[in-house]
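A.B. asks:
2 protein chains.
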Amino acid sequence: MRNAKWGIALSNRFPEKIRVFDTTLRDGEQTPGVSLIPETKLRIAKQLDELGVDVIEAGFASSSEGEMDAIKLITKEGLKAEICSCSRGVKSDIDAILASGADSVHLVIPASDLHLKYKLKKTREEVLKITEGCVQYAKDHGLIVELSAEDSTRADIDFVKNVFTKGISCGADRICPCDTVGILTPERSYEFFSDMIETFPNVTISTHCHNDFGMAVANSIASLRAGASQVHATINGLGERAGNASLEEIVATLKALYNLKISIKTELLYRTSRLVSRLTGINVQPNKAIVGENAFAHESGIHTHGILAHPSTYEPFSPEMVGFTRRIVAGKHSGAHGVKSTIEAMGLHPTEEQLKDMFSRVKNLGDKGKKVMDADLLAIAEAVMGLQKSRPIQLEEVTVVTGDKVTPTASVRLKLNDKEVTGAGTGVGPVDAAINAVKTAISSVEPIHLDDYHVKSITGGTDAMVEVVVRLRKGNRTASAMGVREDIVKASVEAVISGMNVLMADYNNQTRREQVQ
Amino acid sequence: MRNAKWGIALSNRFPEKIRVFDTTLRDGEQTPGVSLIPETKLRIAKQLDELGVDVIEAGFASSSEGEMDAIKLITKEGLKAEICSCSRGVKSDIDAILASGADSVHLVIPASDLHLKYKLKKTREEVLKITEGCVQYAKDHGLIVELSAEDSTRADIDFVKNVFTKGISCGADRICPCDTVGILTPERSYEFFSDMIETFPNVTISTHCHNDFGMAVANSIASLRAGASQVHATINGLGERAGNASLEEIVATLKALYNLKISIKTELLYRTSRLVSRLTGINVQPNKAIVGENAFAHESGIHTHGILAHPSTYEPFSPEMVGFTRRIVAGKHSGAHGVKSTIEAMGLHPTEEQLKDMFSRVKNLGDKGKKVMDADLLAIAEAVMGLQKSRPIQLEEVTVVTGDKVTPTASVRLKLNDKEVTGAGTGVGPVDAAINAVKTAISSVEPIHLDDYHVKSITGGTDAMVEVVVRLRKGNRTASAMGVREDIVKASVEAVISGMNVLMADYNNQTRREQVQ
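From first to last, the protein sequence lines stand for chains S and R. Per the working numbering: the first sequence = residues 34 to 550. Per the working numbering: the second sequence = residues 34 to 550.
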């Protein structure tokens, strides 16, 4: 057994080339609550193609007109990837695929007694006949055939093999024993796929794992280790229930842990994840591996200290590998090193003594349960360093009128460098109107750009607290700030003005000026 | 090798009793952006205790005053679980733990050369001396000692063993080789822990896995299979970066796949997950295993058909096991069976022909990228069944005034059963005021309760589309409805009125009345 770094075994029977079969647009789109229009599906398909997947399962051609339109749109695009569509064991489903112009059919045949008895209501003999008829029909019409046996992992394994034997004898190009309800474990996957590969040595074997117990990725990797040569996966692990195996986690594991070559442009993984999250409306949790917002974020003192000294102390690989960036966050668990690095980036150079004081104040804020934004760090630094508190903008008054028969309209009165200015604005809603009024009021002196406006999802009643986080930009500087109120308008105005004040304080420039003098 | 159901191996060396060491309040709270105040930590600790964990790691006593207060609060509560606190290899950290009243110390000693060289800046000899000094000090003061070797999986294994040998000789009760940056794989975990257990047969060995490649749960299970007898985990997999191993996934796997007895009340898992998500502010993604909103949701035709015939066709275990419930969702991928079951629950009994028509209209909506709510299903059913469209409430006008110097105030004019009614209300913000005005306007005829109000997180600009989803209740009936607008006030009013109309349509009662006649 040859060992790679960190003792990870390389004795495995990984195939020469691992094919990636992406099913984000089929099994992934079956995520409850997700529906994509054809143009959106095309956009994701193009991104997947650029990412370098071998097969794009684009949808279920027979399931609706929209699906058919989407697959047609994608097949016409001339992508490098094979375009596949899903089918039940019904000839009309295959006819739909032929009409769609797809290259291949993913033919799904139920295999467990549970599925045969309760869902399909057919005998094993009937199922074998259906398999024969469908594979033959698809091959006769020129399709590549990937034959899946649904719920294989809970089925009589001899019957699963009979289905595959029948399918292969009719020309099936690839076979896939599906772990439909995610009951595999890694050691069982290895055993199961070793047996499959021994039985069917001359055909491409796929693995299709679901994530009901959170082990879809580990099970997929174990199947590949046993010699399976194609893996079904989705971006962000989308899919029925707890989803399918996550493409980005599989690819990063194969590359960073097993040191294998894989034809995926890993540096596009983060961007692809964001695109899919945005277009499907399914959030990625912050602590999701590889692509979650926190995957390369560090707050606790011990960790930031390590990261600033040498990133690999607390990162298994560099975030750039997947097109992501590292983030140092200030908060309750911060150490002195993290606070120092953030404050220096603002252009301030506190003494060791001052830094210690700031550090303890950051912790105090955190102890009170508060998130620490750039605006908070600036306020702390000013207080500790005895700098004059620089709040060039102060809100005096904001008023908004909105409704379905009036154009949302807002007025603000601000103190801008102690001079009173007013502004008015309209918008698509009350928040937009209020922010436009603020922008108008200060436009004469400060062109500031709102890079990101984020309202945390509000659950509860209409009187719940609203948390608005903004990131503003002025030239190449950015600042984060937050507003928390029961009123979304007030919270938004507060956050924007607080962020603007950080940018206008501009210690970077002052420092530069002092250095020049 | 004895096999349990589905061929999963039981040959394993699982210990008689698997101890659960929960670190939601320590490693979990180190999630960037999370800070919990002492009262919140206590609330979570009580829930973990009820859940049945063996150890609660309550925080890092020396890290801040708030942490100290939180641990004191928890130790005073007299919970059944052992209360533990984390410490670096520094005596003052142990003093803080002694002051906090915790039962045990989780002493973390860096073990890899990478950590020694770049972070700790100490030699191996110095580290052994520190280990000796700290373990002895903690034991002399009556603490249970769990000794962790940080970054063990990337360290020289002989040195890791030296650290543990030294610690055990000084009285350490438990040892834990940490997979600090999540680089284990299941087969490597099994091998690694088998070696550990062979070397240290007489001490409790813990496994502490991070999720950087998405395999923390599989790695934890593999360590337990090799004979480790305690598992570190967090609710929702919270923790540094991509988080720690998820407690609920580990527990469900041990119980449902390996058929092991475990002293966790699994039926409290969902409730515990929601509590932690709400109090930390870290969302659980819908496709998270075990506790994600979609973990037991079914939309696609093939799946709902199966589920309605026999739930185990598409569920590996029943949602009740973890205190969750099944959900059938209507949408683009729906089959006739799913639509039928939802419409019948509304008290409507369409013919097969009508059902087919409804079904194709649901798909059409889905094809357009729309989520299908109860309000949409009702509209479709009415159209198809030729029922008079029942919209007792119609919005004529809404106007809101808000600001920081005015009390948010709204007026509405509605048609209620073709009679014009008006209402006015104030609130904490413009949305609250508008909804209160609607409630006032219809209060004379309809007491309807807003069970849930959810605004999807808005990212982008202040002019982004806002999606408001509400669930309303009247007696024992509920209805979901959605409003999508650029204006959060209009979207909210639209959603609430649309849901009220579903509840007031009340075909259930009509049907009952007809049946009585």
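Glycine included, each C-beta is placed from N, C-alpha and C at the ideal position. All values reported here derive from a predicted model rather than from experimental measurement.
Looking only at its chain, what residues have a beta carbon closer than 8 Å to the beta carbon of L293 (chain S), apart from the 5 residues adjacent to it on each side?
C.D. replies: Closer than 8 Å at Cβ, skipping near neighbours: F47, I51, L287.
A.B. asks: At what residue ranges does the region 316 to 365 of chain R contain a whole run of the alpha helix (DSSP H), taking only runs of 4 or more?
C.D. replies: Correct list: 334 to 342.
A.B. asks: May I have the straight-line CA-CA distance separating R546 (chain R) from S306 (chain S), to the nearest angstrom?
C.D. replies: Low local confidence applies: a pLDDT of 38 at R546 (chain R) is under 50, so the model's placement there is unreliable, with the coordinate-based value given in what follows. Taking the straight line joining both Cα atoms gives about 52 Å.
A.B. asks: Closer than 7 Å, Cβ to Cβ, to anything on chain S: give me those residues from the region 269 to 297 of chain R, in chain order.
C.D. replies: So the close ones are G270, L271, G272, E273, R274, A275, G276, S279, E282, A285, T286, L290.
A.B. asks: Quick one: list the residues of chain S neighbouring E348 (chain R), beta-carbon separation under 7 Å, in chain order.
C.D. replies: Neighbours of E348 (chain R) on chain S, chain order: V214.
A.B. asks: Give, in chain order, every unbroken run of the beta strand (DSSP E) that is at least 3 residues long and sits entirely within the region 237 to 272 of chain S.
C.D. replies: Listed in chain order, the complete beta strand (DSSP E) runs (minimum 3 residues) inside the region 237 to 272 of chain S are 237 to 242, 263 to 266.
A.B. asks: Quick check: the region 79 to 96 of chain S against the region 113 to 129 of chain S, are there 3 or more CB pairs under 8 Å?
C.D. replies: Touching, yes, given that three or more Cβ pairs across the two stretches are closer than 8 Å.
A.B. asks: Measuring only from the beta carbon, is V454 (chain S) closer than 7 Å to any heavy atom that is part of the ligand PLP?
C.D. replies: No copy of the ligand PLP occurs in the structure displayed, which carries no ligand at all.
A.B. asks: With a cut-off of 8 Å on the beta carbons, I'd call I521 (chain R) and G462 (chain S) a contact; round off their distance for me.
C.D. replies: Indeed, because the Cβ distance is near 6 Å, the residues count as touching under 8 Å.
A.B. asks: Please check if any C-beta of chain R sits within less than 8 Å of the C-beta of V519 (chain S).
C.D. replies: Going by the sequence as given, residue 519 (chain S) is Glu instead of Val. With 8 Å as the cut-off, E519 (chain S) counts as an interface residue toward chain R.
A.B. asks: Chain R partners of S125 (chain S), CB-CB under 9 Å?
C.D. replies: Within chain R, no residue comes near S125 (chain S); the closest Cβ sits about 14 Å away, beyond 9 Å.
A.B. asks: Contact between the region 390 to 398 of chain S and the region 352 to 361 of chain S is defined here as three or more beta-carbon pairs at a separation below 8 Å; is this criterion met?
C.D. replies: The region 390 to 398 of chain S, when compared against the region 352 to 361 of chain S, does not touch it at the 8 Å Cβ threshold.
A.B. asks: Quick one: grab the DSSP three-state call for S444 (chain R).
C.D. replies: Residue state, collapsed to three classes: strand.
A.B. asks: For a test of the three-state rule: what should DSSP assign to L140 (chain S), helix, strand or coil?
C.D. replies: Three-state result, L140 (chain S): strand.
A.B. asks: Specify, as a first and last residue, the run of the alpha helix (DSSP H) that E429 (chain R) falls within.
C.D. replies: From DSSP, E429 (chain R) is part of no alpha helix (DSSP H) but of the beta strand (DSSP E) over 426 to 436.
A.B. asks: Would you mind working out which of R:L112, R:T218, R:T432, R:V67 sits nearest A467 (chain R), comparing C-alpha positions?
C.D. replies: Answer by Cα proximity: R:T432.
A.B. asks: How many Å lie between L161 (chain R) and N195 (chain R) at the Cα?
C.D. replies: Cα to Cα, L161 (chain R) sits roughly 8 Å from N195 (chain R).
A.B. asks: Would you mind reading off the limits of the alpha helix (DSSP H) that contains A467 (chain R)?
C.D. replies: Where A467 (chain R) is concerned, the enclosing alpha helix (DSSP H) stretches over 463 to 475.
A.B. asks: Going by DSSP, name the residue or residues bridged to P210 (chain R).
C.D. replies: R:A182, per the DSSP bridge assignment.
A.B. asks: In whole angstroms, what separates the C-alpha of D173 (chain R) from that of I127 (chain R)?
C.D. replies: Near 11 Å, if we compare the C-alpha coordinates of I127 (chain R) and D173 (chain R).
A.B. asks: Can you tell me whether R52 (chain S) is helix, strand or coil according to DSSP?
C.D. replies: In the structure shown, R52 (chain S) sits in a strand (DSSP, three-state: E or B).
A.B. asks: For F329 (chain R), would you say it is in contact with chain S, using Cβ-to-Cβ distances shorter than 8 Å as the test?
C.D. replies: Cβ-Cβ to chain S under 8 Å: yes for F329 (chain R).
A.B. asks: Would the region 65 to 85 of chain R and the region 329 to 336 of chain S be scored as touching if the rule is three or more Cβ pairs under 8 Å?
C.D. replies: They touch, by the three-pair rule.
A.B. asks: Could you tell me which chain S residues have their CB closer than 8 Å to the CB of F246 (chain R), listed as they occur along the chain?
C.D. replies: Result: V250, E282, A285, T286, A289, L290, A322, I323, P349.
A.B. asks: Indicate whether K389 (chain S) and A369 (chain S) have their beta-carbon atoms separated by less than 8 Å.
C.D. replies: Yes, the Cβ-Cβ distance between K389 (chain S) and A369 (chain S) is below 8 Å.
A.B. asks: For L58 (chain R), decide whether its Cβ has a neighbour in chain S, counting only Cβ atoms nearer than 8 Å.
C.D. replies: So, not an interface residue.
A.B. asks: Let's test the definition: count the other Cβ atoms within 10 Å of the Cβ of H382 (chain R) and tell me whether it reaches 16, buried, or not, exposed.
C.D. replies: Exposed: under 16 other Cβ atoms inside 10 Å.
A.B. asks: For I21 (chain R) versus E98 (chain R), is the C-beta spacing smaller than 8 Å?
C.D. replies: Because residue 21 (chain R) is not part of the residues shown, which for chain R are 34 to 550, the question remains open.
A.B. asks: Is there a Cβ from chain S that is less than 8 Å from the Cβ of E385 (chain R)?
C.D. replies: Not closer than 8 Å to any Cβ of chain S, the Cβ of E385 (chain R) fails to qualify, so no.
A.B. asks: With a 10 Å radius around its C-beta and 16 neighbouring C-beta atoms as the bar for buried, classify D551 (chain R) as buried or exposed.
C.D. replies: The question about residue 551 (chain R) has no answer, for chain R in this structure spans 34 to 550.
A.B. asks: Got a sec? Which residues, its chain only, sit under 8 Å from C167 (chain S) by beta carbon, not counting five neighbours each side?
C.D. replies: Same-chain partners within the cutoff: S120, G122, V123, K124, I127, L140, I142.
A.B. asks: Can you tell me whether E90 (chain S) is helix, strand or coil according to DSSP?
C.D. replies: E90 (chain S): strand per DSSP, three-state reduction.
A.B. asks: Which residues in the same chain have their Cβ closer than 6 Å to the Cβ of H482 (chain S), if we skip the five residues on either side of it in sequence?
C.D. replies: Hits under 6 Å: R506.
A.B. asks: Does DSSP put C117 (chain R) in a helix, a strand or coil?
C.D. replies: C117 (chain R) falls in the strand class under three-state DSSP.
A.B. asks: For R187 (chain R), which residues in chain S fall below 7 Å Cβ to Cβ?
C.D. replies: W39, listed in chain order.
A.B. asks: Tell me which residues share the same chain as T455 (chain R) and place their Cβ nearer than 8 Å to its Cβ, disregarding the 5 neighbours each side in the sequence.
C.D. replies: So the list reads S444, V445, R446, L447, A474, once near-sequence residues are dropped.
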